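Under full-length UniProt numbering, the residue at position 61 of the sequence shown is numbered 61, and the numbers go up by one with no gaps. For reference, the structure discussed in these notes is given below.
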Amino acid sequence: MKAPTLSFGVELEGLLVFHETLLAPHVPAGLRIKKDRTPQEAYLYGSWPRILYPGWAFEDSRGQLQPYGDEPPQIASKLLESAENLPSVANGKFKRVYGEEQKGASDRDEISESGKASMDISESSSDEKAIDERRRQDQWIVKQDISIASFTPEDKYEVLTGPKFANVSDWDTWGVEFISPVYVADEEIDMMKAHTTELRRHLETPLSTIVETKTCGLHVHVGLPDNGKMPIEVLRVLAFITVMYEDQISLIHDEHRVASREEPIMSNRKKFKQSPSADVDRKFVDEDEVFSTFLAVKEIRRRIFFDAHASQDQAYVYLKELLCTSKQHIINWLNIDGKVQSKDKLLEKRPPTIEFRQHSASFDAEVIEHWVRFCLGLVRLAYELADAGVSCFSDIQTWDDELDLRDLLDQMCLPATTLRYFRDKLGVAIAERREPVVPIWQVEFPCS
Numbered sequence: 001m002k003a004p005t006l007s008f009g010v011e012l013e014g015l016l017v018f019h020e021t022l023l024a025p026h027v028p029a030g031l032r033i034k035k036d037r038t039p040q041e042a043y044l045y046g047s048w049p050r051i052l053y054p055g056w057a058f059e060d061s062r063g064q065l066q067p068y069g070d071e072p073p074q075i076a077s078k079l080l081e082s083a084e085n086l087p088s089v090a091n092g093k094f095k096r097v098y099g100e101e102q103k104g105a106s107d108r109d110e111i112s113e114s115g116k117a118s119m120d121i122s123e124s125s126s127d128e129k130a131i132d133e134r135r136r137q138d139q140w141i142v143k144q145d146i147s148i149a150s151f152t153p154e155d156k157y158e159v160l161t162g163p164k165f166a167n168v169s170d171w172d173t174w175g176v177e178f179i180s181p182v183y184v185a186d187e188e189i190d191m192m193k194a195h196t197t198e199l200r201r202h203l204e205t206p207l208s209t210i211v212e213t214k215t216c217g218l219h220v221h222v223g224l225p226d227n228g229k230m231p232i233e234v235l236r237v238l239a240f241i242t243v244m245y246e247d248q249i250s251l252i253h254d255e256h257r258v259a260s261r262e263e264p265i266m267s268n269r270k271k272f273k274q275s276p277s278a279d280v281d282r283k284f285v286d287e288d289e290v291f292s293t294f295l296a297v298k299e300i301r302r303r304i305f306f307d308a309h310a311s312q313d314q315a316y317v318y319l320k321e322l323l324c325t326s327k328q329h330i331i332n333w334l335n336i337d338g339k340v341q342s343k344d345k346l347l348e349k350r351p352p353t354i355e356f357r358q359h360s361a362s363f364d365a366e367v368i369e370h371w372v373r374f375c376l377g378l379v380r381l382a383y384e385l386a387d388a389g390v391s392c393f394s395d396i397q398t399w400d401d402e403l404d405l406r407d408l409l410d411q412m413c414l415p416a417t418t419l420r421y422f423r424d425k426l427g428v429a430i431a432e433r434r435e436p437v438v439p440i441w442q443v444e445f446p447c448s
C-alpha cells in the first residue's frame, strides 16, 4: 500500500524560568506574590498530589495560598508577540475547579472547610476542542502543564547559575507546553524548524529562559491532512513494529525520560506479558527476582492482527485497548479513530492521530526535525507493509531472533542526515553497553 501525504504536529514541553518583573503585570487583582512560606504553610500546601507549590504562590487577603493559573502562559505569549516569523500565538484557557470533589464556585479563591486551598486546575472539554480548532488555524498555542515538576528553592540555586541569575530569589519556574499548528509532510518541515527556532530565540531573554527537564517531553502527532483515519491494516503493522522494536528504539532515547512528575513513561507491551509459571516453588525463589515474560511472538501477532470484529469501529477500539490504557505510554494510540473519551466520560471527535511521546524535551530545531522524520518514517513503512498483514517481518519468529535497529532504519527511507544522526546515537548507546530501558515486569526469569 502506497503511503499518502501525511501531516504532523509537535508539542514542546519545557520549564519556563521567569523574573518577577515579568510576572508582576499578570498578578490577579486582590492577590500578591508569596515567595516564602512558613513550615506550617509548607505542610498544608505542599503535599497536594496535583497542586504543588515548590516555588512561589499567590496569597489572598486571608492568607490563603493559590497556585499559578494562566499567568505563566501569559508571560510566554507576551514574550512571543514580537516574533515576526512565528504564526500568531494563542493562550490556552482553563477552567478552574474547586472543592474536595472538584465541584463548586467559579470564584478563584474558594477555600475548603479544612482551611486548605483545594483548587485543581484542569482542561475542560471545550478547552481541548478549542486547541484542536486553533491548530487547524495555523496558530501556536501555549498552555500551562502541571505534570511538569517546577524547581524547588534548592533546585533554583543549583541550576540557575551565572550573572543572569545573580539574585536567584527573584526568579521562579512553571511548566508550559507549546502546541504547533498542523504541518504537511515533508514540504513543511523546514517551516516547522523555522518556527521552533524563532520560538526558542524569543524565550531566551535577560528576564526569561526555557529549561528542558526529565519531566518534559517532545511529542509528535502524525495524521492525514484531510483528518481521515489511517487504515486499520496500517495501524496493525505499525503496532507490531513498535511492539517488537520497543527495546531497540528506547536505546536512542534518554534513559531518564519520565511521563510526568508523578509517573514513568509506560510501555505499550503490557497486554503481551504472561504470568510466571504456576509450578515455580515460591519457597526457593526470591520474589524480587521473578518477573513476567512475554507471550510467544506468534501469539502477539495473532492478537494484534485479530480481525473478527463486527465492525471497523470495533477494530479500532480493540487495537486501542490492546496497546494503550492512557496517553502516558511511549505511543499514545487513544486517538487513532478520532474518538477520545473526555474527563466527563463522553466520546469526542477530534482529528485522528498517532502520538509518539517517548522523546525527551528539546527546543533544538535539528533534534526536533530528526525525531519528526523518524516518526513519519515508521508510519510510511507501516503503509508499505500493510498488504503483507500478519506476515510482515516474517523473519521475526521468536524473542531469540536478534533485532537490530539499524535494519529498521534502513527500511524507513530516511534522509541521509537523519539516518546518520540515529546511527550515531545508537552507536553511542552500544559503546556504553546501555541496556534497553524496560519496565520491571518485562525482565525475564533469571531461573528459566
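Don't be surprised by glycine CBs; every beta carbon is placed ideally from N, CA and C. From a predicted model like this one, the values you see are computed outputs, not experimental measurements.
By the C-beta density criterion, E81 is exposed, having fewer than 16 other C-beta atoms within 10 angstroms. Secondary-structure assignment with DSSP links F18 through a beta bridge to D172, S208. Contact between M266 and H221 does not hold, since their C-beta atoms are separated by about 18 Å, which reaches or exceeds 8 Å. Here P206 is exposed: its Cβ has fewer than 16 other Cβ atoms, across all protein chains shown, within 10 Å. With distances taken between CA atoms, E71 lies nearest to H26 out of W56, Y183, H26. Excluding residues up to 5 positions away in sequence, F240, V390 lie with their Cβ nearer than 8 Å to the Cβ of R301 in the same chain. Note that the C-beta distance between K143 and E198 is not below 9 Å.
Between the alpha carbons of V211 and R62 lies a distance of about 34 Å. Looking from the CA of A194, the closest CA among R357, V367, W171 belongs to V367.
The DSSP-derived three-state label of F374 is helix. For V340, the secondary structure class from DSSP, reduced to helix, strand or coil, is strand. Between D226 and the set E246, V184, G217, the nearest pair of CA atoms involves V184.
Around A429, the same chain offers L251 as residues with beta carbons nearer than 6 Å, after the five sequence neighbours per side are excluded. A buried status is given to C324, since no fewer than 16 other beta-carbon atoms sit within 10 Å of its beta-carbon. The beta carbon of P73 is closer than 8 Å to those of N91, G92, V142, K143, Q144, V176 in its chain, skipping five residues each way along the sequence.
In the three-state reduction of the DSSP assignment, H329 falls in the strand class, which pools E and B.
Residue state for P264 is assigned as strand, using DSSP reduced to three classes. In this structure G14 is buried. Its beta-carbon is surrounded by 16 or more other beta-carbon atoms within 10 angstroms. Just so you know, the alpha carbons of D36 and I75 end up roughly 22 Å apart.
Distance from the CA of F294 to the CA of E188, rounded to the nearest whole angstrom, comes to 40 Å.
Residue state for Q411 is assigned as helix, using DSSP reduced to three classes. A residue is called buried once 16 or more other Cβ atoms fall within 10 Å of its Cβ, and G228, having fewer, is exposed.
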